[in-house]
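Enquirer:
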Amino acid sequence: MSLKPRAVGAAGDVARCLICKERCSGFQPHIWRKACMTCGCSSVDHTPGSDVEDDQRMGRLLADSPYSHLTAKVKGGGGLRMYKRNRMIVTNPVVSGKDPTFNTITYDWAPAGLNQKLAMQYMELLPESLRPVSGSVGSLERRKQLLHQLPSYDQDPMKCQSLASEEEITAMLLFVKQYKQEVLGVGEVALPGESAALKEAGMLRTAKDSGQPQGHTSASGLTPAADGSNGTDGITQYRCSGCNEEVAKESPVVYAERAGYDCALWHPTCFRCSECNQSLVDLVYFWSCQKLLCGRHYCQSVWPRCSGCDELQGFILEESDLLKTTAFTRRRSGASRKLLLTAAGKRIQTTPDISIFSLAGILHICYPTGLLVV
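Numbering follows UniProt numbering, in which position 220 of the sequence shown is assigned residue number 220; successive positions increment by one, without gaps.
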């Protein structure tokens with residue numbers, strides 16, 4: 001499925017290149033590259049689309065994951081979910097002359113679950129170029145990061161041009177299902193010491209999703225908040241897991257549930273992908289090998305990415321004749337695992353420099369629990 005030129009703004013102007021500016025007459029999609037035929041720049045470098053498109057992509061990513069509470073069903077959408085993006089409007093009085101006026105600032109995104117004071121503290125810790133103030137450079141940068149860090153063709157087979165068979169589509173769907181359940185996460189902003197409150201909220205959410213009554217006993221034998229006092233963890237000194245510098249107690253930090261609320265926290269500016277060093281957009285992270293990664297770099301640590309079309313190539317198996325559609329309909333039965341391993345083994349034999357991450361990804365698809373059954 002190729003990209004199509006789209007109108008932006010009320011005037012219906014075509015998407016202009018943010019790099020070439022007037023030299024580009026408008027985005028013209030290459031037949032298979034994620035680039036413009038007019039200027040050669042990436043599609044990400046052209047004026048991004050609408051809020052609705054962004055929220056649809058994020059809704060699809062977070063759906064069927066432990067973070068689906070950040071999405072909402074669309075009425076009449078056939079199961080489609082939209083991202084419940086948290087926006088923030090700040091109104092400040094401006095005293096000038098006799099009649100007071102008000103200065104209103106709208107943030108296109110803000111961390112969920114915070115009061116305005118703490119949310120503003122968080123925003124002020126970010127570089128001005130990354131603050132998603134509506135209509136600003138920071139807002140545009142956020143949209144570019146959404147497209148770059150979380151490409152739709154890493155989660156939706158319908159956005160891929162290179163998948164040609166049912167077997168390849170099924171392999172990709174299994175991979176997406178695996179990372180949603182085991183790797184994908186959304187950071188949470190709180191003050192240092194509030195990890196116990198976050199943990200309690202997470203346990204209550206899990207209990208609600210699983211249909212268990214509130215106040216149930218967890219697998220650890222503790223009821224929610226039993227391991228903390230008034231939502232605090234009792235620790236008196238904190239260090240950032242990114243820069244290893246001390247964190248001020250009154251300064252907001254980012255927690256990542258996958259990393260463990262008791263094990264790690266980050267300065268807002270240190271919550272970055274360990275590969276590209278970009279700030280993780282909307283605090284969406286992938287936790288792998290004790291590292292924070294953006295979606296792009298996690299996916300390509302498991303499967304190779306084509307330098308031309310930018311899509312993941314691990315799903316295109318040369319031994320696809322071994323992968324029968326009926327095997328996949330058995331929900332990863334022993335037969336389907338053997339077929340996948342056979343095809344994957346052929347690929348490994350012809351790729352002597354395959355990374356340990358790619359090998360781990362192959363085994364994850366065949367054996368999501370990590371147990372190899374002989």
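Just so it is clear, CB atoms sit at the ideal spot from N, CA and C, and this is done for glycine as well. Computed from a predicted model, the values in this text were never measured in an experiment.
What residue from Met120, Lys75, Asp64, Leu184 has the CA that sits closest to arginine 87's CA?
Expert: Ranking Met120, Lys75, Asp64, Leu184 by Cα distance to arginine 87 puts Met120 first.
Enquirer: Mark glutamate 167 as exposed unless 16 or more other C-beta atoms lie within 10 angstroms of its C-beta, in which case mark it buried.
Expert: Counting Cβ neighbours within 10 Å, glutamate 167 comes out buried, since at least 16 surround it.
Enquirer: Around the Cβ of glutamine 300, are there at least 16 other Cβ atoms within 10 angstroms (buried) or fewer (exposed)?
Expert: Looking at its Cβ environment, which holds 16 or more other Cβ atoms inside 10 Å, glutamine 300 is buried.
Enquirer: Between methionine 85 and aspartate 55, which are expected to be in contact by the criterion C-beta below 8 Å, what is the C-beta distance as a whole number of angstroms?
Expert: Here the sequence assigns arginine to residue 85, which means methionine is not the residue at that position. The pair is a contact, with the Cβ atoms about 6 Å apart (cut-off 8 Å).
Enquirer: Taking the Cβ atom as the reference point for each residue, do cysteine 294 and cysteine 273 lie within a distance shorter than 7 Å?
Expert: In contact: cysteine 294 and cysteine 273 (Cβ atoms closer than 7 Å).
Enquirer: In whole angstroms, give me the CA-to-CA distance for isoleucine 105 and histidine 267.
Expert: Cα-Cα distance, rounded: 24 Å.
Enquirer: Closer than 7 Å by C-beta to leucine 61: which residues in its own chain qualify, once you throw out the five before and the five after it? Chain order, please.
Expert: Around leucine 61: Leu150, Gln155.
Enquirer: Checking contacts by CB at 7 Å: is methionine 82 closer than that to chain C?
Expert: The question asks about chain C, but that chain is absent: this structure has only one protein chain.
Enquirer: When the distance is taken between beta carbons, is aspartate 282 closer than 7 Å to lysine 180?
Expert: Cβ atoms of lysine 180 and aspartate 282: not closer than 7 Å.
Enquirer: For the candidate residues Lys75, Ser134, Gln178, Tyr238, whose alpha-carbon lies nearest to that of lysine 249?
Expert: Of Lys75, Ser134, Gln178, Tyr238, the residue nearest in Cα terms is Tyr238.
Enquirer: Using 7 Å as the threshold, is the C-beta distance between tyrosine 107 and proline 132 below it?
Expert: A contact, by the Cβ cut-off of 7 Å.
Enquirer: Are serine 162 and glutamate 311 close, meaning C-beta to C-beta below 7 Å?
Expert: Cβ atoms of serine 162 and glutamate 311: closer than 7 Å.
Enquirer: In whole angstroms, what separates the C-alpha of glutamine 116 from that of alanine 259?
Expert: So the two alpha carbons sit approximately 26 Å from each other.
Enquirer: In angstroms with no decimal places, state the Cα-to-Cα distance between valine 90 and threonine 236.
Expert: Straight-line Cα distance between these residues: approximately 33 Å.
Enquirer: Three-state secondary structure (DSSP) at serine 220?
Expert: At serine 220 the pLDDT is 35, less than 50, meaning the model places this residue with poor confidence; the figure from the coordinates comes in the next sentence. Here serine 220 sits in coil by DSSP.
Enquirer: With threonine 101 and tyrosine 83 assumed to form a contact (beta carbons below 8 Å), what rounded beta-carbon distance in angstroms separates them?
Expert: About 34 Å separates the two Cβ atoms, so there is no contact after all.
Enquirer: Between which two residues does the alpha helix (DSSP H) holding leucine 125 run?
Expert: 116-125 is the span of the alpha helix (DSSP H), which, as asked, contains leucine 125.
Enquirer: Just the Cα atoms here: how many angstroms apart are threonine 170 and histidine 69?
Expert: Taking the straight line from one Cα to the other gives about 26 Å.
Enquirer: For the beta strand (DSSP E) holding serine 288, just list the boundary residues, first then last.
Expert: Per DSSP, serine 288 belongs to the beta strand (DSSP E) from 284-288.
Enquirer: Between which residues of its own chain and tyrosine 255 is the CB-CB distance below 7 Å, once the five residues before and five after are set aside?
Expert: Correct list, in chain order: Gly187, Glu188, Ala190, Ser195, Leu198, Tyr261, Leu265.
Enquirer: Classify isoleucine 89 as helix, strand or coil using the three-state DSSP reduction.
Expert: Three-state result, isoleucine 89: strand.
Enquirer: For arginine 81, report the span of its alpha helix (DSSP H) as first-last.
Expert: Careful: arginine 81 lies outside any alpha helix (DSSP H), inside the beta strand (DSSP E) at 81-83.
Enquirer: State the beta-bridge partners of valine 253 as determined by DSSP.
Expert: Bridge partners of valine 253: Ala190.
Enquirer: Grab me the residues of glutamine 313's own chain with a C-beta within less than 8 Å of its C-beta, minus the 5 sequence neighbours each way, in chain order.
Expert: Only Ser162, Trp303, Pro304, Arg305, Cys306 meet the Cβ criterion.
Enquirer: Select from Asp51, Phe271, Phe27, Phe286 the residue whose C-alpha is nearest the C-alpha of serine 134.
Expert: Considering only alpha carbons, the answer is Asp51.
Enquirer: Select from Phe315, Cys309, Cys276 the residue whose C-alpha is nearest the C-alpha of tyrosine 298.
Expert: Tyrosine 298 has its Cα closest to that of Cys276, out of Phe315, Cys309, Cys276.
Enquirer: Can you check DSSP and say which residues form a bridge with proline 29?
Expert: According to DSSP, which records beta bridges pairwise, proline 29 is partnered with Cys36.
Enquirer: With DSSP as the reference, label threonine 104 as helix, strand or coil.
Expert: Correct three-state label for threonine 104: strand.
Enquirer: Have a look at Tyr285, Gly308, Ser279, Lys291 and flag the residue whose alpha-carbon is nearest the alpha-carbon of serine 129.
Expert: When only C-alpha atoms are compared, the closest one is Ser279.
Enquirer: Alpha carbon to alpha carbon, how far is cysteine 41 from glutamine 145? Give it in angstroms, no decimals.
Expert: Between glutamine 145 and cysteine 41, the C-alpha separation is close to 16 Å.
Enquirer: Lysine 208: buried (16+ other C-beta within 10 angstroms of its C-beta) or exposed?
Expert: Classification of lysine 208: exposed, given that the 10 Å Cβ count is below 16.
Enquirer: Would you decide whether lysine 34 is buried or exposed? Buried here means 16 or more other CB atoms lie within 10 Å of its CB.
Expert: Burial call: buried.
Enquirer: Given serine 241, which residues of its chain have a CB within under 6 Å of its CB, disregarding the five upstream and five downstream residues?
Expert: So the qualifying residues of the chain are Ala264, Trp266.
Enquirer: Let me know the secondary structure DSSP gives glutamate 246 once reduced to three states.
Expert: Strand.
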